[in-house]
Amino acid sequence: MAYDTVNPATGQVEHTQQTLDAAAIEARLAASAKAFPAWAALPLGERGALLRRVGEELTKRGEDLQRIMTAEMGKLRREALAEVDKCAQACAYYADHAAEYLAPRDIPTEAQSSYVRYEPLGCVFAVMPWNFPLWQAFRFLAPSLMAGNVSLLKHASNVPRCADAMKEVLDAAGIPPGVFDVLHIDNDQAADVLRDDRIAAVTLTGSERAGRSLAANAGDQLKKCVMELGGSDAFVVLEDADLDHTVQSAVQSRFDNSGQTCIAAKRFIVVDAIADRFIERFVAAAAKRVLGDPQQENATLAPMARADLRDELHKQVQASVEKGAKVLLGGKPVAGSHAGYPATILDNVAPGMPAYDEEFFGPVASIIRVADEVEAVRVANDTTFGLGGSVWTADAKRGERVAQQLQCGAAFVNSVVKSDVRLPFGGIKRSGFGRELADHGIHEFMNIKTIYVT
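Heads up: the sequence shown begins at 1 in UniProt numbering, then just goes up one per residue.
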């Protein structure tokens, strides 16, 4: 079977990708299984040296990689370059810190010796999304490789060249054959791969629907899985917030990457005492985000990744307006752009509207007015999602107290929610389970093994 990838800005077909047949899939599974013992036995310092070279190759190929990302999923040039740099930093970080994270941990007992050691599991099957086509993959891959695992990647169908470019980077850095490979396969083939005994674990970043399906298959096979799913992060603005900093951060968090970010601020929960002033400035600042050629520096808003995703977002906006939401900015597809949607702000958002109840995966901000801090926390937690959230206030201690009440995997005070290789990343509720990054991320796909010697 073949499928086309379409440039989101132009609507032109960029590439036609063939899916692998059964023989090709088997060859990659066999190569992965063959590569695992030698890779796991390679001294940690040698794995680290190779991973550093991967980071260097990423940096060297930055311009080429950003062009592929922009052509396949529409990311702005500067956003794509920043993504490449973040991947390179993650490689360096795990090369530097893996020895610390993987050192055996002594646990005093009555035994002569008792300790925990960390051992790799085998082949980790990764199903990754298109919105950060390199970072989402390297977020699991860098720690997994340092742990001694091997990996097979099924990437989103609209970013096949990004996946192949990753493979080229690792090959050029000297990663041995079979340690990492790409599977251009459909969902039915992916389910078959997951059931293969040579797959030890699976990680998915994607929608709740995809997560439910893959987690069910993993559960049926009793295989370890990590699920990083959707989010509808609260951006809580208290009455004493610094408006200049808060508004600038609100625009960044909602409209960078055209709003197609799991941890983007989506629900702007604003205390009445500051709501009108915040909204006036927010609308004015968001209006400066303008669609354009993603390769040009004057573009400040990227197109959405696909026209069908844009159309689905617009349906959510329309349904919310029909139920009483008020459009303050945008709200209609941009003429002349294949997949463009303008920076959009909805006011008077209330329960029962898609803008309140659902994830909006695009450049649409939902404003929910509340009476006070207590109501802000209640509304922030009134969601099936639990990925991230942020609190904005002049009183950092107050912000920390509110952040501790948010039901999510990461709560930030006076800062946009972001993934940081030094900090664990993941969600609760329907945003998934398991953690990536930091020491938690490298331990997720390891056998945490107890040794007890009398």
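Note that the Cβ used here is the ideal one computed from N, Cα and C, for glycine as well.
Asked, Found
"Using three-state DSSP, classify glutamine 18 as helix, strand or coil.", "strand"
"Please list, in chain order, all residues of the same chain as glutamate 56 whose beta carbon is under 8 Å from its beta carbon, the five residues on each side excluded.", "Ala88, Ala173"
"Looking only at its own chain, which residues have a Cβ that is under 7 Å from the Cβ of glutamate 119, when we skip the five neighbours before and after it?", "Met446, Asn447, Lys449"
"Quick one: what's got a C-beta closer than 7 Å to alanine 163's C-beta in the same chain, skipping five residues either side?", "Leu153, His155, Val182"
"Quick check: the stretch 388-397 against the stretch 408-427, are there 3 or more CB pairs under 8 Å?", "yes"
"Under the assumption that glycine 74 contacts alanine 9 (Cβ atoms under 8 Å), give the Cβ distance between them as a whole number of angstroms.", "6 Å"
"Between Tyr93, Phe235, Thr16, Ala201, which has its C-alpha nearest alanine 438's C-alpha?", "Tyr93"
"Report the partner residues of asparagine 217 according to the DSSP bridge assignment.", "For asparagine 217, which the question treats as bridged, DSSP gives no partner whatsoever."
"Considering Cα atoms alone, identify which of Asn149, Val417, Asp196 is closest to alanine 27.", "Asp196"
"Taking buried to mean at least 16 other C-beta atoms within 10 Å of its own C-beta, is glycine 352 buried or exposed?", "exposed"
"Assuming leucine 51 contacts leucine 145 (C-beta within less than 8 Å), just tell me the rounded distance between them.", "6 Å"
"Let's test the definition: count the other Cβ atoms within 10 Å of the Cβ of isoleucine 68 and tell me whether it reaches 16, buried, or not, exposed.", "buried"
"Out of Asp64, Leu102, Ala95, Lys315, point me to the one whose CA is closest to alanine 80's CA.", "Asp64"
"Kindly give me the distance between the Cβ atoms of proline 342 and leucine 291, rounded to whole angstroms, as I take these residues to be in contact under 8 Å.", "7 Å"
"Assign arginine 378 to buried or exposed, taking buried as 16 or more other Cβ atoms, counted over all protein chains shown, within 10 Å of its Cβ.", "exposed"
"Any idea if valine 453 is buried or exposed, counting beta-carbon neighbours within 10 angstroms, 16 or more meaning buried?", "exposed"
"Taking buried to mean at least 16 other C-beta atoms within 10 Å of its own C-beta, is proline 160 buried or exposed?", "buried"
"Answer yes or no: do residue 459 and isoleucine 175 have a C-beta to C-beta separation smaller than 8 Å?", "Residue coverage of the chain in this structure runs from 1 to 454, which leaves residue 459 outside it and unanswerable."
"Return the CA-CA distance between histidine 15 and glutamine 296, expressed in angstroms with no decimal places.", "22 Å"
"Could you tell me the distance, in whole angstroms, from the CA atom of valine 334 to the CA atom of asparagine 7?", "16 Å"
"Under 8 Å between the Cβ atoms of glycine 434 and methionine 227?", "yes"
"Give the secondary structure of lysine 288 by DSSP, where H, G and I count as helix, E and B as strand, and everything else as coil.", "coil"
"Does DSSP put arginine 28 in a helix, a strand or coil?", "helix"
"Shortest alpha-carbon distance to histidine 338 belongs to which of Met1, Thr246, Gln12?", "Gln12"
"With DSSP as the reference, label isoleucine 185 as helix, strand or coil.", "coil"
"Which two residues bound the contiguous alpha helix (DSSP H) that contains residue 464?", "A question about residue 464 goes unanswered here, because the residues of the chain that appear run from 1 up to 454."
"Check serine 390 in the structure and name its three-state DSSP category.", "strand"
"Tell me whether glycine 324 is buried or exposed, calling it buried when 16 or more other Cβ atoms sit within 10 Å of its Cβ.", "exposed"
"On a Cα-Cα basis, can you pick out the residue from Arg422, Glu83, Arg53, Ser366 that is closest to glycine 62?", "Glu83"
"Is it the case that the Cβ atoms of alanine 299 and phenylalanine 255 are separated by a distance below 8 Å?", "no"
"What did DSSP end up calling valine 416 once you bin it into helix, strand or coil?", "coil"
"Can you name the residues that DSSP bridges to threonine 246?", "DSSP lists no partner for threonine 246."
"At the level of alpha carbons, what is the spacing between glutamine 112 and serine 419?", "41 Å"
"Within the continuous beta strand (DSSP E) that includes isoleucine 367, where are the two ends?", "364-370"
"Would you mind reading off the limits of the alpha helix (DSSP H) that contains leucine 309?", "307-322"
"Along the beta strand (DSSP E) that carries alanine 172, what are the first and last residues, could you check?", "Taken as a continuous stretch (DSSP letters only), alanine 172 belongs to no beta strand (DSSP E), being part of the alpha helix (DSSP H) at 160-173."
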